[in-house]
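Engineer: Once you've had a glance at the structure underneath, I'll fire off some questions.
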Amino acid sequence: MRDPETIVTIDDDAVWELGLPYWPDPHEGTGPVLLHGLRGFIDAGSVAQVAAAHVESSFESTRIATFDMDQLLDYRSKRALMTFDSDRWTDYEEPFLAVDYVRDNEGTGFLLLYGSEPDVQWERVIAAVRRIIERFGVSLTVGFHGIPMGVPHTRPLTLTAHGTRAGLTEDYTSFFGKIKVPSSLPALLEYRLGESGHDAMGFTIHVPHYLSQMQYPPAAKVALEHVERATGLDLKLDVLERDGMDITAAIESEVAGSPEVSAIVHALEEQFDRFTERVGAPGRILEADGPIPTADELAAEFEKFLAQESGEE
Numbered sequence: 141m142r143d144p145e146t147i148v149t150i151d152d153d154a155v156w157e158l159g160l161p162y163w164p165d166p167h168e169g170t171g172p173v174l175l176h177g178l179r180g181f182i183d184a185g186s187v188a189q190v191a192a193a194h195v196e197s198s199f200e201s202t203r204i205a206t207f208d209m210d211q212l213l214d215y216r217s218k219r220a221l222m223t224f225d226s227d228r229w230t231d232y233e234e235p236f237l238a239v240d241y242v243r244d245n246e247g248t249g250f251l252l253l254y255g256s257e258p259d260v261q262w263e264r265v266i267a268a269v270r271r272i273i274e275r276f277g278v279s280l281t282v283g284f285h286g287i288p289m290g291v292p293h294t295r296p297l298t299l300t301a302h303g304t305r306a307g308l309t310e311d312y313t314s315f316f317g318k319i320k321v322p323s324s325l326p327a328l329l330e331y332r333l334g335e336s337g338h339d340a341m342g343f344t345i346h347v348p349h350y351l352s353q354m355q356y357p358p359a360a361k362v363a364l365e366h367v368e369r370a371t372g373l374d375l376k377l378d379v380l381e382r383d384g385m386d387i388t389a390a391i392e393s394e395v396a397g398s399p400e401v402s403a404i405v406h407a408l409e410e411q412f413d414r415f416t417e418r419v420g421a422p423g424r425i426l427e428a429d430g431p432i433p434t435a436d437e438l439a440a441e442f443e444k445f446l447a448q449e450s451g452e453e
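Numbering (this note's numbering), first residue to last: 141 to 453.
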């Protein structure tokens with residue numbers, strides 16, 4: 141593996157101005173927490189993207205580390221958007237991966253790693269992030285993202301908590317047994333941090349799979365609520381709550397206009413409620429009795445409805 145330090149640039153002037161200490165003991169871990177939410181392959185409802193954007197737009201932040209994305213992206217498979225206006229190119233949404241120092245609603249400082257998930261050199265990126273964690277004495281690393289699940293939007297969102305040691309997630313119930321899933325850089329980061337003795341955990345929000353392709357602020361709000369619970373940060377979630385109410389109202393209007401979609405959502409509600417009644421709380425949703433509508437089936441119903449509304453059919 142090539143030197144991790146050559147793939148990331150630390151702004152030493154910004155670090156000095158912020159007064160961030162250097163921690164000679166990499167496992168002392170009494171410094172700030174680090175949050176991470178990356179735009180990537182696995183993020184139903186854009187939970188990571190929406191949550192990270194909320195943090196960035198709600199608080200003052202200072203960029204302290206920037207990764208060299210030109211080495212990390214496959215531009216042919218992950219094409220950034222450009223703007224063409226009349227006769228010229230006027231804008232380029234440049235991919236980035238960075239670490240910012242942020243102060244929450246009470247002035248508590250923390251680190252936020254956000255941007256695009258790299259396509260290549262995962263181990264090198266993770267080694268670089270670990271060096272940042274050790275340099276600033278990070279006490280806890282917390283990630284968040286969404287996965288599609290056969291649950292209705294009309295019931296409380298559920299989640300899976302995971303961590304590098306049992307004590308970090310002892311207040312949570314697991315919804316899964318032993319399964320194999322496609323890897324992601326955030327998941328591998330948590331795994332590698334555990335191997336090296338650092339505390340790390342994450343919250344995987346179960347997003348209704350018929351909403352997985354859209355930005356779903358209610359799921360991002362739930363993710364950050366549990367980040368607050370784990371870290372003590374105050375992340376000012378009232379904005380996400382208002383956004384969530386608006387989008388929920390829009391979803392309800394669409395469901396009410398389609399008997400087919402309404403029937404599917406009702407079936408998911410019945411399934412969810414059976415588990416709740418059985419165990420006193422949302423149970424192991426993936427072990428439900430009876431067929432669960434697939435994401436393709438639900439998406440097809442919504443696409444049909446939207447096409448009818450726009451006059452395409």
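All C-beta atoms in this analysis are idealised placements derived from N, C-alpha and C, irrespective of residue type, glycine included.
As the structure is a computational prediction, the values presented were derived from the model and not from experiment.
Which residues bound the alpha helix (DSSP H) around residue 210?
Structural biologist: Where residue 210 is concerned, there is no enclosing alpha helix (DSSP H), given that its DSSP letter is neither H nor E.
Engineer: Which two residues bound the contiguous alpha helix (DSSP H) that contains residue 385?
Structural biologist: Taken as a continuous stretch (DSSP letters only), the alpha helix (DSSP H) holding residue 385 covers 378–396.
Engineer: Just to confirm my understanding: we take residue 218, look at its own chain, exclude 5 residues before and 5 after, and list those with CB closer than 8 Å. What are they?
Structural biologist: Hits under 8 Å: 235, 256, 259.
Engineer: Determine, for residue 191, whether the minimum Cβ-Cβ distance to residues of chain C falls below 8 Å.
Structural biologist: Looking at the structure shown, chain C is missing, and only one protein chain is on hand.
Engineer: Are residue 346 and residue 385 close, meaning C-beta to C-beta below 8 Å?
Structural biologist: No, Cβ-Cβ distance for residue 346 and residue 385 is not below 8 Å.
Engineer: Reducing DSSP to helix, strand and coil, say where residue 155 ends up.
Structural biologist: Three-state DSSP puts residue 155 in a helix.
Engineer: Which residues does DSSP list as the beta-bridge partners of residue 285?
Structural biologist: Residue 285 is bridged to 344.
Engineer: Please classify residue 313: does DSSP put it in a helix, a strand, or coil?
Structural biologist: Here residue 313 sits in coil by DSSP.
Engineer: Are residue 177 and residue 283 closer than 8 Å when you measure CB to CB?
Structural biologist: Yes, the pair counts as a contact, with Cβ atoms nearer than the cut-off.
Engineer: DSSP state of residue 181, grouped into three classes?
Structural biologist: DSSP places residue 181 in coil when its eight states are reduced to three.
Engineer: I'd like to know if the region 198–210 and the region 142–151 are in contact, where contact means that at least 3 CB-CB pairs between them fall below 8 Å.
Structural biologist: Short answer: they touch.
Engineer: Under three-state DSSP, which class holds residue 360?
Structural biologist: Residue 360: helix per DSSP, three-state reduction.
Engineer: Compare the Cα-Cα distances from residue 246 to each of 372, 398, 407 and report the closest residue.
Structural biologist: Among 372, 398, 407, the Cα nearest to that of residue 246 belongs to 372.
Engineer: So, residue 295 versus residue 365, is the Cβ gap smaller than 8 Å?
Structural biologist: No, the Cβ-Cβ distance between residue 295 and residue 365 is not below 8 Å.
Engineer: Quick one: give me the first and last residue of the alpha helix (DSSP H) that residue 334 is part of.
Structural biologist: Element bounds for residue 334: 325–335.
Engineer: From residue 315 to residue 411, what does the alpha carbon distance come to, in whole angstroms?
Structural biologist: Going from the Cα of residue 315 to the Cα of residue 411 covers about 15 Å.
Engineer: Let me check understanding here. Comparing Cα to Cα, which of 185, 358, 165 lies closest to residue 278?
Structural biologist: Selected option, being the one with the closest Cα: 165.
Engineer: Under 8 Å, do residue 328 and residue 262 count as touching if we go by C-beta distance?
Structural biologist: Contact flag set, yes.
Engineer: DSSP three-state label for residue 302, please.
Structural biologist: In the structure shown, residue 302 sits in a strand (DSSP, three-state: E or B).
Engineer: Classify residue 201 as helix, strand or coil using the three-state DSSP reduction.
Structural biologist: Three-state DSSP puts residue 201 in a strand.
Engineer: Mapping DSSP to helix, strand and coil, what is residue 229?
Structural biologist: It is a strand residue.
Engineer: How big is the Cα-Cα spacing for residue 240 and residue 389?
Structural biologist: Looking at the two C-alpha atoms, the distance is approximately 34 Å.
Engineer: What residue from 274, 413, 369, 322 has the CA that sits closest to residue 170's CA?
Structural biologist: Considering only alpha carbons, the answer is 274.
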